[in-house]
Amino acid sequence: MTAGIGGSAPAPGSFDVAAVRALYPALSDGHAYLDGAAGTQVPASVIDAIASAYRAGIGNLGGTFAASDRAGEIVAAARAAVADLTGGTADGVIFGPSATSLAYRISEALSRAWTAGADIVISRLDHDSNVRPWSQAAGRAGVDVKWAEVDLVTGELPVAQYADLIGPRTRLVAVTAASNAIGTRPDVAAISGLAHGRGALCYVDGVHATPHVPVDVAALGADFFTTSAYKWSGPHLAAAVARPELLETVWPDKLAPSSNAVPWRFERGTLPFADLAGTTAAVEHLAALAPGGGESGTGSGTSPASRRQRVIASMTAVEAYESALFGRLLDGLAELDRVTVYGKPARRAPTAFFSVAGLAPRAVAEHMAARRVNVWHGDNYAYELCTVLGLEPEGAVRAGLVHYNDVSYVDRFLDAITEIAR
Ligand SMILES: Cc1ncc(COP(=O)(O)O)c(C=O)c1O
């Protein structure tokens, strides 16, 4: 088993995938959902939490009545839940509609302090949502953009290059914790250490990492860490996690009457209260995945584990389960002469990006869909990576695992791809 990103984690429990799958109503449709990297299904507990929030009555924030109080409680609970998922602080959790919109929002605010002659470092491994907001803000501010390159054979993002890229004028380093295309998990702690050594901030895209490994934003050295709930069994919204003290120094554009307080001043308009109730339920779902997660297993051995401890235990078990299953998928692909798998990074999320010789990615995905296997095709917004790999505009095929996938999905996938790739 590989280590999670960030801090140390307890030993994993066993992982009962059949029990987990039974919690997801959508999985009963018989399709093999290997498209989790583009968005996961949700368990009944999340659906129920959203419905219950609406059934109970939700007012807007700041009113004098119970339904308004309930909205406030929902927001507070969701901030606490995302803090437990990531190791952050509840007061540093900013909610937004998507990681993309949060990156634009935060880049606009941070870049106000940038002056001509400064620079930023972005990477060709990243999803475009952690590239374009920064390069466009840099263009407006007259700031240079430096690129961290991917080793196209291994798929690694070598850390050594950052020592040259980051200098005294660097204001920000934006890097992903996991590639949503080839799965690479760069050494973010080392990269953020180099950034901090030069006084630069580190903005970490945690969207693809969060569903697969335990996250500890402090151990990663992430000044900002984004995560999208719809990638980890929650609703379609996202969060950026930062230290409240850092947020106090940043002023985004905002409406005059809206709160000046942190983190509220980073949130635009009315929050999606019911979906935030679903977000808390999704974190509870993840925290309950590892058997025995209900007790700390330390100290007296009988004290209830905190939700943060249960999340770490669960995600450690998820990582071990997914990486074993992913090994089977990769081994199967390696036997097929007409398949090219891009990258072989040492530390990776369970996501494979590949081409089948002579077939367009969409044609492969259509063949798979006809066999009830859901895979993605295209560049998956890993635009820079696909460009340097020579894969634009068609991209490639992506098959990714999440915790509710089982061996029958992987075998159906391999059977279906073998029909067209041997
Ligand atoms: C690694 C990564 N970063 C960012 C995003 C963008 O997330 P959102 O849809 O919340 O903007 C995605 C979505 O696929 C992703 O996989």
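In the working numbering, the protein residues as written are 1 to 422. A virtual CB, placed ideally from N, CA and C, is assigned to each residue, including glycine.
- For a cut-off of 8 Å, the C-beta gap from HIS212 to GLU284 is around 19 Å, too long to register as a contact.
- Cβ-Cβ distances below 7 Å link ALA118 to VAL143, ARG169 and ARG171 in the same chain, with the five nearest sequence neighbours on each side left out; the list follows chain order.
- Distance between PHE413 and ARG185, taken at the CA atoms: about 24 Å.
- Distances between the C-beta of HIS208 and the heavy atoms of ligand 1 include at least one below 6 Å.
- Pairing GLY155 with PRO345 gives a Cβ-Cβ distance under 7 Å.
- Nearest to ASP223 by C-alpha distance, out of PRO272, ALA200 and THR270, is ALA200.
- The beta-bridge partner set that DSSP reports for HIS377 consists of VAL397.
- VAL397 places its beta carbon less than 7 Å from that of VAL364.
- Here ALA281 has SER45, VAL46 and ALA49 as same chain residues with Cβ atoms under 7 Å from its own Cβ, once five neighbours each way along the sequence are excluded.
- For the pair ASN60 and ALA181, the CB atoms are not nearer than the 7 Å cut-off.
- Boundaries of the alpha helix (DSSP H) around VAL410: 407-421.
- In the displayed model, ARG362 falls within a helix according to three-state DSSP.
- Taking a contact to require three or more Cβ pairs closer than 8 Å, the region 313-331 and the region 130-140 do not qualify as touching.
- Taking all protein chains shown into account, TRP232 has 16 or more neighbouring C-beta atoms within 10 Å of its C-beta and is therefore buried.
- When secondary structure is reduced to three states using DSSP, VAL82 falls in the helix class.
- In this structure, the beta-carbon distance from PRO252 to ARG105 falls below 7 Å.
- In the three-state DSSP reduction, THR280 falls in the helix class (H, G or I).
- Straight-line measurement puts the Cα of PHE354 at about 18 Å from the Cα of TYR409.
- Here DSSP, grouped into helix, strand and coil, assigns ARG112 to coil.
- DSSP, reduced to helix, strand and coil, places LYS146 within a strand of the structure shown.
- Excluding its 5 nearest sequence neighbours in each direction, ASP406 has C-beta neighbours in its own chain below 8 Å: VAL17, ALA18, ARG21 and LEU325, listed in chain order.
- Annotation: THR316 to TYR230 spans about 20 Å, alpha carbon to alpha carbon.
- In this structure, the C-beta of ASN374 stays at least 6 Å away from each heavy atom of ligand 1.
- With the rule of 3 Cβ pairs closer than 8 Å, the region 212-221 does not count as touching the region 61-68.
- The beta-carbon separation of THR86 and VAL217, rounded to 5 Å, stays under the 8 Å limit for a contact.
- Straight-line measurement puts the Cα of ALA163 at about 34 Å from the Cα of ARG308.
- Out of LEU330, SER303 and ALA287, the CA that lies nearest to the CA of SER314 is found in ALA287.
- Nearest to ALA290 by alpha-carbon distance, out of THR270, TYR321, ALA277 and THR249, is TYR321.
- Residue environment: THR40 is assigned as buried (16 or more neighbouring CB atoms within 10 Å of its CB, all protein chains considered).
- Relative to SER129, the option among GLN161, VAL145, GLU267 and SER98 whose CA is nearest is SER98.
- ALA238 is positioned such that its CB atom lies closer than 7 Å to that of GLY96.
- Within the same chain, Cβ atoms closer than 6 Å to the Cβ of ASP91 are found at PRO244, the five residues on either side in sequence being excluded.
- Here the distance from the Cβ of THR100 to the nearest heavy atom of ligand 1 is below 6 Å.
- Taking 6 Å as the cut-off, one finds no heavy atom of ligand 1 near enough to the beta carbon of ALA174.
- When distances are taken from the beta-carbon of HIS127 to the heavy atoms of ligand 1, the shortest one is below 6 Å.
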